[in-house]
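Peer 1: Submitted below is the structure of interest, expressed as structure tokens.
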Amino acid sequence: MSLVLGDALSLLLFRLHSGRLLGINLLKVQEIIPCPTLTKLPSRHPHVRGVATLRGSALTVIDLAKAIGEQGVPSNNDGCLIVTELSRSRQGLHVQSVERIVQCYTRDVRPPPAGSGSKAFITGVTQIDGKIVQILDIEKVLHELAPMVIEELDEQMLSERERALLKGRRVLVVDDSHVALHQTMITLRKLQLDCQMVRSAAEALELLQAQYEAGQPIEVLVSDIEMPEMDGYDLVRTLRKKPDIGQLYVLLHTSLDSTMNTEKAKAVGANDVLTKFSIVDLSKSLVRAFESLQ
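Every position in the sequence shown, counted from 1, becomes a number in our numbering once 477 is added.
This is the structure we're talking about:
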């Protein structure tokens with residue numbers, strides 16, 4: 478049975494030193510390499526093993542086990558590095574071993590179990606060949622190491638006309654990541670937008686319908702792509718089938734490289750796609766959105 482466009486999630490499965498099985502979205506993985514010799518910096522974060530040189534560029538290497546609350550690996554060069562790129566940064570995750578690549582349906586990925594807490598470092602769980610696989614929340618790992626400082630809103634960044642265009646306009650943000658929601662909402666409030674937020678595609682559909690029926694329809698939807706049960710692509714496809722709420726402007730806001738996702742986003746009916754996180758790029762994208770609605 479083939480996976481339809483937007484419904485497929487390719488996962489790289491790997492194990493930590495403890496034997497714990499985790500998965501990471503394959504689109505976030507650049508390459509897998511044996512652990513090279515590391516340079517240890519005296520002022521490094523305790524979860525950072527050191528710095529590697531990869532084709533002439535410095536690469537920060539994270540002890541993933543330690544970063545998610547487990548015992549770190551011995552200080553040797555066993556294991557391997559999963560080199561990841563997301564949200565405009567690149568890093569190496571030190572893990573014990575990589576197993577294989579698998580595919581699953583996004584609708585079969587469930588949210589983290591209730592009570593797992595803010596330190597769970599997983600975005601969801603699924604079953605592969607009868608085994609529970611936890612999907613790593615790499616954005617949260619990176620945020621814990623180096624919390625993002627939201628840029629100040631430069632007065633010269635937007636013209637008076639653009640600021641007036643945005644002020645008070647209705648936007649809904651959907652993202653399963655607390656970190657991403659917080660970052661996005663700070664920016665939208667600085668732009669004086671009338672914004673609401675939800676944590677899942679199902680909640681987004683419910684709120685969009687309620688706002689429409691109340692005579693205050695949402696004008697722009699800013700949605701993550703990677704979400705349990707229904708991802709951003711499925712959310713857009715579902716929206717476009719609805720005669721009442723289906724014509725709103727949709728900006729897909731992703732930690733993945735937006736150039737990789739543009740064609741797929743357009744195919745399901747999204748209006749624009751943007752890589753997280755830049756206050757300048759997000760502001761300009763919203764200006765384009767509301768200009769197109771005039």
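Note that CB positions come from ideal geometry on N, CA and C, so glycine has one too.
Identify, in the order they occur along the chain, each residue of the same chain with its Cβ nearer than 7 Å to the Cβ of M662, setting aside the five sequence neighbours on each side.
Peer 2: Result list for M662: V650, C672, M674, in chain order.
Peer 1: Determine the direct distance from the alpha carbon of K743 to that of R646, and round the result to whole angstroms.
Peer 2: Rounded to the nearest angstrom, the two C-alpha atoms are 24 Å apart.
Peer 1: Hey, how far is the Cα of V713 from the Cα of I545?
Peer 2: 32 Å
Peer 1: If we ignore side chains and look at the alpha-carbon of each, how far apart do L670 and L716 end up?
Peer 2: 22 Å
Peer 1: Quick one: grab the DSSP three-state call for T508.
Peer 2: Per the sequence shown, the amino acid found at residue 508 is Glu instead of Thr. E508: strand per DSSP, three-state reduction.
Peer 1: Around the Cβ of V757, are there at least 16 other Cβ atoms within 10 angstroms (buried) or fewer (exposed)?
Peer 2: When all chains shown are included, V757 counts as exposed.
Peer 1: Hey, I615 and L558: beta-carbon distance below 8 Å or not?
Peer 2: no
Peer 1: Identify the continuous alpha helix (DSSP H) that holds H522 and give its terminal residues.
Peer 2: No alpha helix (DSSP H) holds H522; DSSP gives it neither H nor E.
Peer 1: Closest to L489 by C-alpha separation, out of G569, R532, V575, would be which residue?
Peer 2: V575
Peer 1: Classify R587 as buried or exposed, calling it buried when 16 or more other Cβ atoms lie within 10 Å of its own Cβ.
Peer 2: exposed
Peer 1: Within 10 angstroms of its Cβ, does M478 collect 16 or more other Cβ (buried), or is it exposed?
Peer 2: The pLDDT assigned to M478 is 34, lower than 50, so where the model puts this residue is not dependable; a value taken from the coordinates is nonetheless given after this. M478 is exposed by the Cβ-count criterion.
Peer 1: Exposed or buried, which one is R532 when buried takes at least 16 other CB atoms within 10 Å?
Peer 2: exposed
Peer 1: Tell me the start and end of each unbroken beta strand (DSSP E) in the segment 564 to 598 that is at least 3 residues and wholly inside, in chain order.
Peer 2: 566 to 572, 574 to 582
Peer 1: For chain D, is any of its Cβ atoms less than 8 Å away from the one on E639?
Peer 2: No chain D appears in the structure shown, which is made up of a single protein chain.
Peer 1: What's the gap between the Cα of D457 and the Cα of Q604?
Peer 2: Not covered by the structure: residue 457. The range shown for the chain is 478 to 771.
Peer 1: Check this for me: beta carbons of K753 and S732, under 8 Å apart or not?
Peer 2: Cβ atoms of K753 and S732: closer than 8 Å.
Peer 1: For V560, which residues in the same chain have their Cβ closer than 6 Å to its Cβ, ignoring the five residues on either side in sequence?
Peer 2: Q507, E508, G569
Peer 1: Taking buried to mean at least 16 other C-beta atoms within 10 Å of its own C-beta, is T530 buried or exposed?
Peer 2: exposed
Peer 1: On the CB-based measure, 16 or more other CB atoms within 10 Å of its CB, does A687 come out buried or exposed?
Peer 2: Here A687 is exposed. Its C-beta has fewer than 16 other C-beta atoms within 10 Å.
Peer 1: Excluding sequence positions up to five away, which residues of its chain have a Cβ less than 6 Å from the Cβ of V697?
Peer 2: V648, Y726, A766
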